[in-house]
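Residue numbers for the sequence shown follow UniProt numbering, so the first one is 1 and each next one is one higher.
All C-beta atoms in this analysis are idealised placements derived from N, C-alpha and C, irrespective of residue type, glycine included.
Being a predicted model, the structure only gives us computed values, none of them experimental.
What follows is one structure encoded as structure tokens, with my remarks underneath.
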Amino acid sequence: MITKVRFISCSKIIFKLLIIIFIIHEINAHRKKSLTEDDEDEKRVFNRNFGNKKNFAIDDCIPLAFGDFNADKIVDIFCRNMKGDNIRVMLNNDRSPTQKEQCNVNITGIIYDALAADYDGDSKLDLFILYKATPDQDVYNGGFLWGDRVKLSELQPINYFFQTIPTTLDANGDSYVDLLGMISNDYVNYRPACLMFKNRTVYNFEKLNNVDDLLPDSTQATVDLNNDLIADLFLTVNHNNKPRFRVYQLPLTNMKLISDYGPPPGVAIYHLSIFADIDADGVLEHILPVCMNNDCSDSQIFVRDNHKWYSLQTNFGGDVRFPLKHEIPAPFNQIPISIKIADYNLDGYPDMVAVMKQNSINSTVSIILKNRPCNSDNNLFCNYNRTFAVQTDEVFVLSASNATLAAFFDVLENGYPDLLVLQKTPNEDFQLIGFQNSLIQDVHFIKVMVLSTFSCDTCSHRQRLPYGNNQPGQSIKMETITTADGIKDSWIQLAAVQMSQSGQLTLELPYVIIGLGATPNFVEKLTIAIPPTNQSNHLFHTYTQMIPNSQIVVLPSPLMNPEKWHSELFVTPSRMIIHTGIALSATLVVIVFVLAILQYRDKINRKTLHRLLTLWQADQHTVTIVSETPTSENNYDRQSSRNSRNSNSTHTSHLMSQRQLSDSCTPTTCFILFENGSSINSNGIGFLEYRGTRSRNHHSKKLYLPQVLYDYQASLDEMYGEFANCIRQVLNSISHDLSSYVISIRTGVLYYYSKRFRFDNNYSIEEIHSITEKKIPLTNTHYYYNARNSSYPSDDTLRSSFCNIKPISRPNEFVKELENCDFHIQQCKHVFRIYLQSDDKQTHVCIVDPAANYAIVEFSKDFQRLSNIDFIRNRDSSKYKQTKTYDDIFDFRIQFQYDPRTHSDQMKTIEYELRQQFPLLDENFQNENILRPITDNMNDDQFYISEQLFPYIKFIRRDFGDVYHYAGDNKLWENFIIYLESPVEYRIDRNELTCTRELATHGIVYARLDLNKMMSSNTIDENLLIEKLWDMGFGLTHIAGKCTTSETQQSTNYYTTNGGKYTAEDEALVQTILKQLNLPSMLGLRNSASNNEIKQTYERIKTQLDGRWHHIRSGNMAQEKLDAFYYQYFNGEN
């Protein structure tokens, strides 16, 4: 009955919970639907008040340029005063609509314009100003105000004069900003020319030959107009007293005419051109505002697409038109009219703002022009697919009368373009006021800023990036799926250009905001291209799956290698996330409340059941219970003991005590820990003893190496912290240049033991942990030798370990796993690796390349692994116990190796280094034929060894393998190279001076990271390095673990000093024969095995170990024992 009642109550609660979740879901769905619908009666977007009813206003500020002056990733404003003799830098605050004056500079003269850019390549924003000494001067003087992110310098004039206000561009793709305009160096002859700057001086004055004079008050720009992502040079020239638009190919040294066309027919007054992709087809269009008559009563906007001019047929009404020059107060009457463009509603289609004359009030006002489709649904009919509609709902903007300038500007740096309007006050002053973009729809965007290739060497690490350097002519193209014009899942392409032009109060921003509409999909493709250089005209990089509502900052360095361009991503949370979070939080609260009620009911029911059971047991006889007590208690004790031991074994210190490596240069006896993967007791660890060169050690002195033990009861954050500390300890201890180090990540399994430990038994994993943690006393002779019988009296400083590198048994599967992770083969490697030992016992490694006439092409001085950092997983919770998978029992080792780079073209350097390290090499020694095939066959198994180098050679190995490079977007795997090798070891004959192919092993895998590729200004980002090593360690062991088996490890070959060969499996068989007491157990069979099974297994083992018994320790004894037991077993049966 109790259970039934609980079920009924629980079902009712869950039913109500589902209803609540459904209601919340419907509310969110309805809200999303309402936000995404295109409402014809949409309310105003721009409000006078920003957050907390604050207004944006700057008195006596005529904005001349925008740029991030102090490199805080927030764009600032460069203002001149009403008199024109002062320039101010007004710092913007992204948290509040307030402006702070950073600095100001006074000049002698009248300032007419200013161009902000980094002209000297120090990654700090400078200002080039155009000024006149007197108002009646015909041409402009020019001069620099050099910036240092804190202040501007005094004016530094240049000896060049400008007939028109120039524009900025990168004429030859070197990231230095140049100036283009009608320029003269003699005050008389003005020609289209380009001024180029370096070291704060003009280093080149290049005239544009065969180019007509530039039309005064016209547009010159760098913009991609033929959809090839390569910036072109757009010029408006005066051809036979008529304007012509010409597009030339860049760079300037390769100028070639691409297109030449005229303006629309019947135009009376031309205004400045702008460039935007107004129809979202992935191609930039040329937009030209004009007046069709001299009084501008017929104002129109034309667009050029598919080599034709189209009128956008914008319905300004009879009351609004473009103003005439005399209707605008000074100094704006000397500046041509320009329309500013930005996607203020973030629907994917750029909109406009223009200052226009409203006849009814005899004043100039700012008009918002919204990009709309031309169709019957909107009652908009025109001969182009888009048009612009006047937004009469923007009452706050329209109320700002006597407007002289309007521009889009992201005041709060939140991705929503706000609006700045310069208004003339009744006091005949100018005030810059702001209107906040308070768009209610939850639309999305992506903000792109392309920087220069320069970095600030004198700045702090945080301010090293050249934010706001105002790089002109950067091409941007975006492709994604969104909701466009009410159509869901529309595939759109949007093209944009960063700062196509400057000067003449065009006020273009040093970034691009691209609207994505109301669908929060990932941006499928984002392609960034920079202006071409003399070496290449295809410098672009494509980013995929970009997060919406984010800003990507691209640093195109190294300039000629776009695949390695740096980028940073800054994410701005969507408003929809807030609503979703509220709904999710409410749902979680309800779920927690329900679970608490159920938990309380369950607790009450358990108490009731326990009370009933106690009353029932009191009425029962105890005879049956007593009779079962001994067995039950005994089982409980054993289980309790086992649990206790398992619990203790997992309670380990995370940072193990330091260990010493043995120093061995000759083949000696060594112990290997062997996992009996194929035995019945899969939890067992056996110890194998052998002699061979695998016991060699390349260290010339004892090293103390840190280990990190991954305790499953500890969090990965704790493990990561200790791992990071170990890495930092090693980095701090390196005295050489970090760029001369490489780091290897190798997979393996690590165990610890004492030199007094008995290696002749089989132990469980739990026992190994107890021994490692010193929980078993040294007096326990089952595990340790007595001190008097051991040459190692103490266990405190002799703790050692062996890293058993597990090979790859299924290389084809491993290659597929690598390709799935975006690692692709780049080259096939076939080299010899020779280990040399100098007189001071230092070990060096030489790479001998057969393709280079068997010369040494790489020489690592002092091949000393400075430190190994071993990450060891706790075996107690290993899935290997149940599933025999190797994935979760892999460890990884971080190895630091000093490796100064040498190359095949530096043979003299290598020869010099060899003579320094090995004095027996005379002057006649040549770096060639270090190895020489005994026959002409390159794949011969025998080689002669260089006679002079032979005394120093300790070991020779031949590596056949593939090299995999990373081609993905994961920054943590960037610059890693993965090697999949099949090494072949060679036995050295010191009498004949030859080496002979002896042993082919399984595939070995390791990852390698060259620290030189992570260096920036002689420093390295330690946090990034640690994160990369941690992530690659886990990733590589995971992939390797899926492609190896226990049989692989057991078939690994070893060989002895006298040339004998055997495998680890052979050694395990011998150990099993010696330890077991009956024939089936010796053969690894059940005691109930049939005679036929025993005979077949016996013959297989005899065949396998034929000729190998005497190579293995106690092998002859095992052979005699096995034969004797076999003979006795079957004779006894007969």
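Could you check how far apart the C-beta atoms of residue i and residue j are, in whole angstroms? I think they sit under 8 Å.
{"i": "F144", "j": "Y119", "result": "7 Å"}
{"i": "K525", "j": "T542", "result": "6 Å"}
{"i": "residue 1135", "j": "F918", "result": "This structure cannot speak to residue 1135, because the chain is shown only from 1 to 1134."}
{"i": "I110", "j": "G142", "result": "Between G142 and I110 the Cβ distance is about 14 Å, and since that is not below 8 Å, they are no contact."}
{"i": "T222", "j": "A231", "result": "5 Å"}
{"i": "L1036", "j": "T580", "result": "That pair is no contact at about 37 Å."}
{"i": "P264", "j": "I339", "result": "Not quite, the Cβ-Cβ distance comes to about 16 Å (not below 8 Å), so this is no contact."}
Can you check which of these residues, the options, is closest to residue i by C-alpha distance?
{"i": "Y720", "options": "D1031, T98, I158", "result": "D1031"}
{"i": "L235", "options": "R246, D228, E394", "result": "R246"}
{"i": "S399", "options": "Y416, I367, E722", "result": "I367"}
{"i": "D343", "options": "D410, N362, V283, Q300", "result": "D410"}
{"i": "Q551", "options": "C828, A518, T544, V512", "result": "V512"}
{"i": "F162", "options": "L214, G147, L229", "result": "L214"}
{"i": "P417", "options": "Q313, N521, N47", "result": "N47"}
{"i": "V979", "options": "I745, C291, D281", "result": "It should be noted that the sequence gives Tyr, not Val, for residue 979. With distances taken between Cα atoms, Y979 lies closest to I745."}
{"i": "F435", "options": "P426, K447, L422, P135", "result": "L422"}
{"i": "I74", "options": "I58, Q99, K53", "result": "Q99"}
{"i": "residue 1144", "options": "E413, N383, V355, N371", "result": "The first residue shown for the chain is 1 and the last is 1134, placing residue 1144 beyond what the model contains."}
{"i": "S480", "options": "D228, T314, T544", "result": "According to the sequence displayed, residue 480 carries Thr and not Ser. It is T544."}
{"i": "S299", "options": "Q358, S123, I341", "result": "Q358"}
{"i": "G317", "options": "Y600, Q942, S297", "result": "S297"}
{"i": "D122", "options": "L91, F1125, S175", "result": "S175"}
{"i": "S438", "options": "R44, G581, T1103, A1089", "result": "R44"}
{"i": "Y964", "options": "F955, E928, R997, Y1006", "result": "Y1006"}
{"i": "P520", "options": "G348, D224, G503", "result": "G348"}
{"i": "A71", "options": "L91, F896, M82, D60", "result": "L91"}
{"i": "residue 1141", "options": "N427, N924, E1022, G1033", "result": "Residue 1141 is absent from the structure shown; the chain starts at 1 and stops at 1134."}
{"i": "I165", "options": "L555, S1081, L130, T909", "result": "L130"}
{"i": "S860", "options": "Y248, E923, I910, G961", "result": "I910"}
DSSP state of residue i, grouped into three classes?
{"i": "F396", "result": "helix"}
{"i": "T779", "result": "coil"}
{"i": "A133", "result": "coil"}
{"i": "M356", "result": "strand"}
{"i": "P532", "result": "coil"}
{"i": "K525", "result": "strand"}
{"i": "L993", "result": "coil"}
{"i": "D295", "result": "coil"}
{"i": "R810", "result": "coil"}
{"i": "M182", "result": "strand"}
{"i": "L505", "result": "coil"}
{"i": "Q826", "result": "strand"}
{"i": "W565", "result": "coil"}
{"i": "D418", "result": "strand"}
{"i": "N732", "result": "helix"}
{"i": "K1042", "result": "coil"}
Is there a Cβ from chain C that is less than 8 Å from the Cβ of residue i?
{"i": "K357", "result": "Included in the structure is just one protein chain, with no chain C present."}
Task: Start-end ranges of the beta strand (DSSP E) lying completely within the stretch 242–267, minimum 3 residues - done: If we require 3 residues or more, the beta strand (DSSP E) runs fully inside the stretch 242–267 come out as 242–249, 256–261.
Open item on the list: Below 8 Å, how does it come out for the stretch 153–165 and the stretch 184–203: are there three or more Cβ pairs, yes or no?
Closed with: Judged by Cβ distances under 8 Å, the stretch 153–165 makes contact with the stretch 184–203, as three or more pairs qualify.
Open item on the list: At 3 residues or longer, what runs of the beta strand (DSSP E) sit wholly inside the stretch 46–98?
Closed with: As far as the stretch 46–98 is concerned, its whole beta strand (DSSP E) runs of at least 3 residues are 57–59, 62–67, 76–80, 86–92.
Task: Secondary structure, beta strand (DSSP E): runs of 3+ residues fully inside the stretch 1060–1122 - done: Complete beta strand (DSSP E) runs here, min 3: 1061–1063.
- [ ] Evaluate contact between the stretch 439–457 and the stretch 104–123, counting only Cβ atoms and requiring at least three cross-stretch pairs below 8 Å.
- [x] Contact holds: three or more Cβ-Cβ distances are below 8 Å.
- [ ] At 3 residues or longer, and completely inside the stretch 917–962: list those beta strand (DSSP E) runs for me, N to C.
- [x] Within the stretch 917–962, the complete beta strand (DSSP E) runs of at least 3 residues are 931–933, 942–945.
- [ ] Ignoring anything shorter than 3 residues or poking outside the stretch 103–180, list the beta strand (DSSP E) runs there in chain order.
- [x] Counting only runs of 3 or more, we get 110–117, 126–132, 140–145, 156–162, 167–169.
- [ ] Determine, using beta-carbon pairs with one atom in the stretch 311–331 and one in the stretch 494–513, whether at least three such pairs fall under 8 Å.
- [x] Here the stretch 311–331 makes no contact with the stretch 494–513; the two share fewer than three CB pairs at distances below 8 Å.
Open item on the list: Is it the case that the stretch 273–293 contacts the stretch 225–244, given that we only count it when at least three CB pairs across the two stretches are under 8 Å?
Closed with: Taking one beta carbon from each stretch, the stretch 225–244 and the stretch 273–293 have 3 or more pairs nearer than 8 Å; the two touch.
TODO: May I have a chain-ordered list of the beta strand (DSSP E) segments no shorter than 3 residues that lie completely inside the stretch 199–248?
DONE: If we require 3 residues or more, the beta strand (DSSP E) runs fully inside the stretch 199–248 come out as 201–207, 221–223, 232–239.
- [ ] Would you check if the stretch 79–97 and the stretch 471–480 touch, i.e. whether three or more CB-CB distances between them fall below 8 Å?
- [x] Contact fails: fewer than three Cβ-Cβ distances are below 8 Å.
Open item on the list: Below 8 Å, how does it come out for the stretch 817–829 and the stretch 938–953: are there three or more Cβ pairs, yes or no?
Closed with: Taking a contact to require three or more Cβ pairs closer than 8 Å, the stretch 817–829 and the stretch 938–953 do not qualify as touching.
Open item on the list: Between the stretch 163–183 and the stretch 528–542, can you find at least three pairs of beta-carbon atoms closer than 8 Å?
Closed with: Yes, the stretch 528–542 touches the stretch 163–183.
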